[in-house]
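Asks: Numbering (mature numbering (1 follows the signal peptide of the UniProt record, and there is no 0)), first residue to last: -18 to -1, 1 to 596.
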């Protein structure tokens, strides 16, 4: 399945400031945030924020231990707010205050392995605390959800404590997630309890709305992890290039210098978030949103509602704000990057700035494309410059290259259109089967459940994006495909799949999609033996839920390809038709199990024959 060759190759700007230099730069601009200032910014939510931060730091601590630290912090905040000279802690940066609380609370540091951190001074102590964070699945035991009736009773009797426990449990399991992500999840949980505890069928309500709330939370977590994975694997300039493209789309009236400044700051905020510095991430995000809101006239006309929200809500609101209208005088094309005789000189003088300007100008004119596509085009433009500027007729050469770029964009839109039509025609299940055939061959080492999970994500791209209008369909597909491939590469990180998947995941983020599209059967794969039990059916299949029946058939499909990865379409079709006929026949028989017992061995032999094994 060729979803499109939309993944970006990147170029861009060599920003190399270290995290410590940025911290110094940030504090030179503005003094560190004290607990008094934080209390004012929090707007009554300091207790919740402190609960998130302590829970993310002390993941193995009990709720009671964490809550004691929170109470002490809130008490100090009240004291400092009343008189900021009442305690030496009032003048310290908030991060120092929180670490002091941990280090000074009797028994906490030694019990949870922070004694050596507390023996250090900042910034080394700060870095030591961050290294203790562990986001690995299973580091914290699975959460045991209470039964609906018990959950509702506790919510009715001890609402605040129930919500605090939720924050604690969520934060300790997601120590790298933004504070606001955890707080939004807590808001959703409160709404879930409020609605479902009034419902007549509480279990059904919790199942339906709880699943939706979890999906919303995990969507935010997955996006955070994906951005951090890109930063970790490919560096800051790749991530920042993505932000330049996105901000140019959102803020087409903003100047190039403004977009560059914003993307620089956003990049550093991600750097803090991704290394687990969720406090500085939150504080710097607040500073950036304050800057954006105080310069709305120069940035976007669509931010007024966001900037009227409480401080903690502004950042997320701005991130998801509607794209501003294009300037009335914005030309449809930017000919200076193609027709200007001096274009090669501009490129030679400062390659990074020239390419960034191209990305900025192109992105603000094309909000219908995802940033990942715009980065891919920027790379194409860079390659054109490298080729054409070495010739005597560079303008003519660039014009020919421009035609190829336009064709690439048109092809991308056409592929999405084709696959949306295919999905509409055959539906989720058969569409996923087509994807399974492709990806079992590319990554046959993956277990069936992971192959099904990954291809289901690709199906969801069609389900979520294909119904959207022309202005949003393509960007939706591109963005979600990028996340889905990120998930596949995450699976590879945990348990290496094969060399060709490793190459696609690690060589180049910009060319990741193109790499996966080009893959065929893994040449080093050793097929698994044919297992008759996997392809056997039993009477309980006939009464199973439709989704369980589909799962069984997809497991059979997967096993057949894992056994014979070079299977032809004709061989596969023959086997599938035979399986379907036997299942239909036996499920209609009076004695279903006896029928399956008789027909399954024959089916296995016919399948082996179809696969060329007899």
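Every residue, glycine too, gets a C-beta built ideally from N, C-alpha and C.
In this text, all values refer to a predicted model and were calculated from it rather than measured experimentally.
1) Can you tell me which of the three DSSP states residue 448 falls into?
2) Please report the distance separating the alpha-carbon of residue 44 from that of residue 357.
3) Count the C-beta pairs between the segment 448 to 456 and the segment 425 to 437 that are closer than 8 Å, then say yes if the count reaches three, no if not.
4) Find out if the Cβ-Cβ distance for the pair residue 245, residue 226 is shorter than 9 Å.
5) Quick check on DSSP: helix, strand or coil for residue 526?
6) Using only CA atoms, which one of 213, 555, 424 lies nearest to residue 506?
7) Starting from the N-terminal side, write out each stretch of the alpha helix (DSSP H) that is 4 residues or longer and does not extend beyond the segment 339 to 420.
8) Spatial neighbours of residue 271 within its chain, please: CB distance less than 7 Å, with the 5 preceding and 5 following residues excluded, ordered by chain position.
9) For the 8 Å Cβ check, are there 3 or more pairs between the segment 189 to 206 and the segment 231 to 246?
10) Say whether the segment 23 to 35 touches the segment 49 to 56, bearing in mind that this needs 3 or more beta-carbon pairs closer than 8 Å, one atom from each stretch.
11) Under a Cβ-count criterion, where at least 16 other Cβ atoms within 10 Å of its own Cβ denotes burial, should residue 180 be classed as buried or exposed?
12) What's the C-alpha gap between residue 167 and residue 386?
13) Taking 7 Å as the limit between beta carbons, can you name the residues of its chain near residue 275, skipping five residues before and five after?
14) Consult DSSP for residue 550 and reduce its assignment to one of helix, strand or coil.
15) By a C-beta neighbour count over all protein chains shown, 10 Å radius and 16 as the cutoff for buried, is residue 200 buried or exposed?
16) Where does residue 501 sit, in a helix, a strand or coil, going by DSSP?
17) Do you know offhand how far residue 327's Cα is from residue 319's?
18) Using only the alpha-carbon positions, how far apart do residue 411 and residue 418 sit?
19) Taking buried to mean at least 16 other C-beta atoms within 10 Å of its own C-beta, is residue 84 buried or exposed?
20) Going by CA-CA distance only, name the one from 464, 487, 437, 589 that's closest to residue 533.
21) Mark residue 58 as exposed unless 16 or more other C-beta atoms lie within 10 angstroms of its C-beta, in which case mark it buried.
22) How about the segment 511 to 524 and the segment 575 to 589: do they share at least three Cβ pairs that are nearer than 8 Å?
23) Would you call the segment 488 to 507 and the segment 398 to 405 touching, i.e. three or more CB-CB distances under 8 Å?
24) Where do the N-terminal and C-terminal ends of the alpha helix (DSSP H) with residue 583 fall, by residue?
25) Roughly how many whole angstroms lie between the Cα atoms of residue 440 and residue 414?
26) In this structure, does DSSP put residue 179 in helix, strand or coil?
Replies: The relevant details are as follows:
1) coil
2) 46 Å
3) no
4) yes
5) coil
6) 424
7) 353 to 370
8) 296, 297, 300
9) no
10) yes
11) exposed
12) 46 Å
13) 285, 289, 296
14) coil
15) exposed
16) coil
17) 11 Å
18) 10 Å
19) buried
20) 437
21) buried
22) yes
23) no
24) 574 to 592
25) 8 Å
26) coil
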